[in-house]
Each structure stands twice: as structure tokens, then as C-alpha cells.
Amino acid sequence: MKFYNTLSTKIEDFDPPDKKVSMYVCGITPYSPPHIGHAMRGVIFDVLKRYLLYRGYTVRHIENFTDIDDKMIENASRLKITTKELAQKNIDTYLSEMDLLNISRADLYPKATEEIPYIIKIIQKLIETDVAYESNGDVYFRVSRFSTYGKLSHRDISELLAGARIEPSEYKEDDIDFALWKSKKPGEPSWASPWGEGRPGWHIECSAMSLKYLGDSIDIHGGGQDLIFPHHENEIAQTEAYTGVDPMAKFWMHNGLLRLGETKMSKSIGNIISLQEAINNHSVNALRLFFLSSYYRSPLVYSEENIESHEKGIERLSTACIPSLIDNPTSIMDSKKYEDRFIFEMDNDINTPRAIATLFDLAREINRCKEINIDVSKAQSKLIELSSILGLKIQSDHQKQDTSKINIIPVISSIHKHLLSNGVNELAEMVKSEALNSNLITNETFAIADKSNQFDESIGDQSILIGILIKARNKSRKLKEFAIADKIRLELEKSGVILEDTSSGTIWKLK
8 MKFYNTLSTK IEDFDPPDKK VSMYVCGITP YSPPHIGHAM RGVIFDVLKR YLLYRGYTVR
68 HIENFTDIDD KMIENASRLK ITTKELAQKN IDTYLSEMDL LNISRADLYP KATEEIPYII
128 KIIQKLIETD VAYESNGDVY FRVSRFSTYG KLSHRDISEL LAGARIEPSE YKEDDIDFAL
188 WKSKKPGEPS WASPWGEGRP GWHIECSAMS LKYLGDSIDI HGGGQDLIFP HHENEIAQTE
248 AYTGVDPMAK FWMHNGLLRL GETKMSKSIG NIISLQEAIN NHSVNALRLF FLSSYYRSPL
308 VYSEENIESH EKGIERLSTA CIPSLIDNPT SIMDSKKYED RFIFEMDNDI NTPRAIATLF
368 DLAREINRCK EINIDVSKAQ SKLIELSSIL GLKIQSDHQK QDTSKINIIP VISSIHKHLL
428 SNGVNELAEM VKSEALNSNL ITNETFAIAD KSNQFDESIG DQSILIGILI KARNKSRKLK
488 EFAIADKIRL ELEKSGVILE DTSSGTIWKL K
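Counting the sequence shown from 1 gives a position; this note's numbering is that position plus 7.
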């Protein structure tokens with residue numbers, strides 16, 4: 008397994024000892040509801056974790072909430088609520104919407120405000136070792152004392168100063184020094200410290216939470232490419248200066264950013280699409296497929312049309328998973344080469360576009376094998392399993408629909424009698440035999456079912472009966488009994504079931 012490491016700018020072997028992985032992913036600053044860019048980052052690292060688990064690793068996953076910073080304070084003041092209330096409201100929304108996107112939860116979601124004592128402890132040691140200094144109630148990291156500063160962003164200090172997110176201050180020794188602790192301003196939340204009332208800086212919060220919950224050196228640190236500098240660069244400096252351990256993270260993995268046209272999607276710019284809006288307009292599967300259709304390190308341009316096209320892709324995968332109605336299959340389809348190819352692509356720096364292409368090739372082969380009487384049930388299970396690694400739920404439509412409120416039994420009985428009256432005795436016997444074997448109807452009630460208006464709601468799922476009728480319809484068409492095939496379709500429609508013939512077979516939906 009190989010991943011691209013931002014630190015080395017190379018694709019490197021990933022082989023942690025004992026197959027135990029520690030992973031820290033920078034989470035949101037919950038000053039407003041989540042947007043679709045957060046969903047993209049969530050899906051990418053969710054797939055990374057799912058794949059590691061599939062390959063037999065155990066994963067300890069931490070994702071933080073930066074619940075105190077300038078934007079938190081500004082929005083809370085504007086809404087006339089506390090920063091704590093604002094954070095909790097947006098955290099609850101974020102987690103519920105991540106659940107809707109089928110993003111597996113982290114093992115822990117620490118909040119910066121709950122780690123203040125540990126943050127202060129780290130800052131104190133940095134001051135003691137002379138890599139940080141107090142100035143007028145603020146504490147700054149002395150960048151000049153960290154000789155490898157810039158090793159993540161691969162730029163020297165003079166480059167980093169030009170146009171970067173640097174906060175100027177007359178109290179700094181050097182413009183590139185960054186805040187570890189900020190002194191209290193009127194109306195701001197604050198905590199007691201050896202340097203007076205104040206609050207932590209942005210970067211030190213992640214260092215503290217990573218150190219506390221995962222240790223001095225972790226396997227994977229993830230986040231968006233917009234965090235490489237200054238956030239992750241500063242994290243490295245203060246963490247390694249504190250612990251003396253290099254590297255603080257063996258792999259730095261950064262996802263590309265979502266764009267609207269030529270511009271990065273950003274709350275500060277105001278060109279955002281809320282996650283709720285995206286979920287309302289598109290299926291979860293299509294959104295995930297959209298995010299994963301591009302290489303995770305590449306930028307992705309948001310497009311409603313593109314997402315809509317992925318709805319059709321999901322339908323293709325789902326259609327391939329419709330159970331095959333095959334008598335006496337000639338052989339069993341072998342899907343191993345597709346699984347091997349999927350693993351090869353995912354092992355190569357989580358190449359989801361090529362992994363997805365493999366899924367579509369597998370679906371295409373399943374549909375081909377259905378046509379030539381090959382058992383595809385195991386291949387279908389493999390397609391569902393591999394899709395689930397990408398967080399896709401592709402069980403076919405009929406497997407997800409509630410058929411407990413319709414009554415197919417009278418249709419089965421009526422079609423059976425119609426087949427007999429038209430002399431299609433072998434097909435009539437197949438319908439009756441398979442219906443009885445379903446245990447949803449008894450021999451005693453079979454003969455009168457088409458004349459009974461009673462409906463036993465305890466019958467439950469009748470999708471198997473719908474499958475029997477689709478099978479009978481397909482056989483009727485092969486026998487050129489098109490009138491019988493039309494009758495089956497019409498009788499099902501009267502009962503609330505719509506059939507649709509596709510290039511991959513017949514699918515059904517409830518009215």
C-alpha cells in the first residue's frame with residue numbers, strides 16, 4: 008500500500024507496525040452550518056479509513072472541533088448567543104449531516120475549549136525551552152528557533168511571508184512568529200493562564216489534541232490543502248519543538264479543494280453551497296460518487312449536472328445487483344480479478360476514479376453473465392461489498408422498497424390460471440411451485456386467492472413474489488407469448504408495481 012506524503016512530495020510505502028493506524032483529521036470550526044466542501048473532505052477520509060479497515064488494519068481516528076476562534080466570537084456576538092451555544096448547534100448539525108452521508112464517525116471528537124489546561128502546559132514548556140515568548144499578555148512561537156520550518160509547504164521563510172495568512176503585531180519579535188496564546192479582549196471568552204486571561208491560538212489547539220489522544224508521532228495527519236500553510240506547518244513546528252520527536256506525523260495527506268468555477272469554495276468569500284441543500288437535491292450515493300470520481304488530491308469543480316450524471320451511474324450499479332432469475336445456471340461467475348484490480352487501484356494512493364471504473368466493469372460483466380445463464384449471486388455480493396468500501400449503498404431498488412402494503416398473491420393466482428387456460432402448463436407449474444416454496448402462500452389458499460379481497464398485512468415483504476412474476480414474464484417473451492407478458496405487466500401495475508425494461512434486465516418500483 009502506497010500513499011502520497013505531502014511532507015516528502017513522494018508516494019511512499021505505508022506499513023505501520025502491528026497494522027495499527029493512528030489518524031488525526033482537522034475538523035470544522037463550527038461558526039456556521041457545514042457546507043459541501045466539508046462533506047468532500049469527510050467522504051475522502053472516510054473512504055481512507057474504510058479501506059484501511061478492509062485491508063485488516065485497526066484505525067484510531069480523531070477529528071477535532073475548533074470551537075473558539077475569531078469567527079466563532081464574531082458570529083456568536085452577531086446572533087446574541089454564547090460561543091458554546093453556537094458551537095454545539097453547528098456541531099450537532101455537522102454530525103447529523105455526516106451520518107446522512109454515510110460517513111463513519113471518528114472514535115473521538117475533542118473540542119479545543121475542553122483542552123485548555125493541556126494547551127497551557129505545552130505553551131509553558133515551549134517558553135521554558137526558549138522557542139516561545141510572552142509579549143504583552145500574548146505568547147508567540149519563535150519561528151527562527153525551529154530550523155526546519157517550511158518543510159511541509161516546501162518554501163523558505165521569505166516566501167512564506169509574502170501574501171500568507173500572517174497576523175501582524177507590534178508585540179512580535181518577527182512577523183512570521185505566530186500566536187500560541189492571545190490575551191483577552193473586551194467581550195471575548197477567556198481562561199486563566201500564567202500570562203493573564205486569554206484564549207489559545209488556532210494552531211496549538213490541534214497540536215494539543217493530537218498529542219493527547221494519539222501520542223508524539225502519529226501515522227496519518229489529514230486535512231484540506233488550504234491547511235498546509237500556515238496551520239499544518241505551524242502544528243509541526245510547535246509539536247516537534249515540544250516533544251523533540253520528528254516527525255509528528257509520518258504521512259501528511261491533503262485533499263484537493265472544491266471549487267465553484269475558478270474560485271475555491273469558502274465561507275469567507277461567501278460562495279458556498281450548504282450541505283443541507285446538497286443533501287436535499289441529490290442522493291447520498293450520487294454525492295459520494297461525485298466526490299470520489301476525481302483523484303482525491305485534485306481540485307473538483309462543483310456541478311449540478313455532474314452530480315446528476317452520477318445518479319445514473321448509481322442506477323447502473325444497483326441494476327446489476329438485482330437477483331438473477333436463472334434456472335439451472337451453466338456456471339458461476341468469478342469476480343476475483345475485479346476484486347484484485349480494485350485493491351490494486353486503492354493500494355496506489357487511494358485511486359478512487361480507477362476503483363470506481365473497476366466497479367462499473369464488474370457490473371457490466373454481471374449483466375453479461377445474466378444473459379447467458381451464469382450464476383452471478385456471488386459476484387453481486389462482491390460488487391456490494393466493494394462498493395461499501397466507498398461508502399456506497401447499492402442494493403437494488405426492489406431490495407429497499409416496502410412491499411408489505413401491497414397484495415401480490417391474487418396476481419400470482421390469476422396469472423397461474425391464465426397460463427393454464429392458454430396451455431402454457433410448464434410455466435404455470437413453475438409459477439405455482441415457486442410461489443408455494445416462498446412460504447408466503449399455501450396450497451389451500453392458492454386456488455381462491457385471485458377471488459379474495461382480503462389482505463393479510465402479516466405477509467410482509469412480497470418482493471420474492473414480484474420476482475417470480477418477472478421471471479414468468481421473461482420466459483413468456485422468450486416463448487413469444489407476448490400477450491401473457493403484457494398481462495403480467497398490467498396486473499402488477501394494478502397492484503401498485505411498475506416494471507421497467509432496461510438493457511441490464513427488468514427492474515421494478517412501487518407506484
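For glycine and all other residues, C-beta sits at the position ideal for the given N, C-alpha and C. Values in this document were obtained by computation on a predicted structure and should not be read as measured data.
Own chain, CB closer than 6 Å to residue i, minus 5 neighbours either side, in chain order
i: Met-8; result: Phe-21, Asp-354
i: His-405; result: Any reading at His-405 must be qualified, since the residue scores a pLDDT of 46, below 50, and its modelled position is unreliable; no value is offered.
i: Ala-94; result: Pro-37, Asp-74
i: Arg-304; result: Gly-263
i: Gly-144; result: Ser-190, Trp-202, Gly-203
i: Leu-426; result: Leu-434, Ala-435
i: Thr-155; result: none
i: Ser-111; result: Asp-53
Chain-order list of residues whose beta-carbon lies under 7 Å from that of residue i (same chain, five-residue window excluded)
i: Lys-518; result: Gly-503, Ile-505
i: Asp-253; result: Glu-247
i: Leu-55; result: Ile-357
i: Leu-115; result: Ile-69, Tyr-220
i: Phe-462; result: Legend: pLDDT at Phe-462 = 47, less than 50; position of this residue unreliable, value from coordinates given subsequently. Closer than 7 Å at Cβ, skipping near neighbours: Asn-414.
i: His-4; result: The requested residue 4 is not part of the displayed model; the chain covers only 8 to 518.
Cα-Cα separation, residue i to residue j
i: Leu-324; j: Asn-335; result: 25 Å
i: Ile-280; j: Glu-315; result: 16 Å
i: Ser-290; j: Ile-51; result: 17 Å
i: Asp-368; j: Ser-394; result: 13 Å
i: Asp-468; j: Ala-442; result: 13 Å
i: Ile-475; j: Glu-498; result: 13 Å
i: Leu-86; j: Ser-39; result: 11 Å
i: Glu-500; j: Ile-491; result: 14 Å
i: Thr-337; j: Ile-379; result: 8 Å
i: Ser-15; j: Leu-218; result: 22 Å
i: Glu-180; j: Leu-187; result: 14 Å
i: Asp-184; j: Asn-97; result: 31 Å
i: Glu-122; j: Gly-208; result: 12 Å
i: Asp-223; j: Ser-411; result: 55 Å
i: Ile-18; j: Tyr-302; result: 14 Å
i: His-239; j: Met-79; result: 20 Å
i: Glu-352; j: Phe-489; result: 46 Å
Reference residue i, options the options, closest by Cα
i: Lys-91; options: Ile-329, Glu-195, Ile-126; result: Glu-195
i: Gly-44; options: Met-255, Ser-310, Ile-80; result: Ser-310
i: Arg-496; options: Asn-450, Ala-370, Val-418; result: Val-418
i: Ile-477; options: Ala-293, Pro-330, Leu-307, Phe-153; result: Pro-330
i: Val-146; options: Glu-352, Thr-65, Glu-135; result: Glu-135
i: Gly-63; options: Asp-25, Gly-34, Leu-86, Lys-87; result: Asp-25
i: Arg-295; options: Asn-288, Arg-348, His-317, Gly-230; result: His-317
i: Arg-361; options: Asn-287, Leu-234, Leu-299; result: Leu-299
i: Tyr-61; options: Gly-398, Ile-422, Asn-446; result: Gly-398
i: Asn-313; options: Asn-288, Met-437, Glu-122, Ala-479; result: Asn-288
i: Gly-268; options: Lys-158, Val-431, Leu-307; result: Leu-307
i: Thr-270; options: Gln-131, Ser-200, Asp-233, Val-150; result: Asp-233
i: Gly-230; options: Met-30, Ser-384, Val-438, Lys-389; result: Met-30
i: Leu-108; options: Arg-484, His-42, Gly-430; result: His-42
i: Ala-199; options: Ile-391, Gly-34, Ile-373, Ile-126; result: Ile-126
i: Phe-10; options: Ile-88, Met-260, His-423; result: Met-260
i: Lys-158; options: Lys-132, Thr-250, Thr-13, Ile-130; result: Thr-13
Residue i burial status per 10 Å Cβ neighbour count (16 or more: buried)
i: Thr-120; result: buried
i: Ala-46; result: buried
i: Asp-137; result: exposed
i: Asn-414; result: buried
i: Lys-583; result: Since the first residue of the chain shown is 8 and the last is 518, residue 583 is not available in this structure.
i: Asn-292; result: buried
i: Pro-124; result: exposed
i: Pro-193; result: exposed
i: Ser-428; result: exposed
i: Leu-472; result: buried
i: Phe-148; result: buried
i: Ser-103; result: exposed
i: Asp-163; result: exposed
i: Asp-409; result: exposed
i: Phe-72; result: buried
i: Asn-241; result: buried
i: Ile-339; result: exposed
Cβ neighbours of residue i in the same chain (closer than 8 Å, five flanking residues each side left out)
i: Glu-507; result: Thr-513, Ile-514, Trp-515, Lys-516
i: Thr-65; result: Lys-26, Lys-27, Val-28
Any alpha helix (DSSP H) of 4 or more consecutive residues that is wholly inside the stretch 130-195: Fully enclosed alpha helix (DSSP H) runs of 4 or longer: 164-168.
Alpha helix (DSSP H) segments (min. 4 residues) lying fully within the stretch 200-262: If you keep only unbroken alpha helix (DSSP H) runs of at least 4 residues inside the stretch 200-262, you get 209-221, 240-250.
Complete alpha helix (DSSP H) runs within the stretch 385-456 (minimum length 4 residues, chain order): Listed in chain order, they are 404-407, 416-428, 432-444, 450-453.
Segments assigned alpha helix (DSSP H), at least 4 residues, entirely inside the stretch 19-63: 43-61, all fully within the stretch 19-63.
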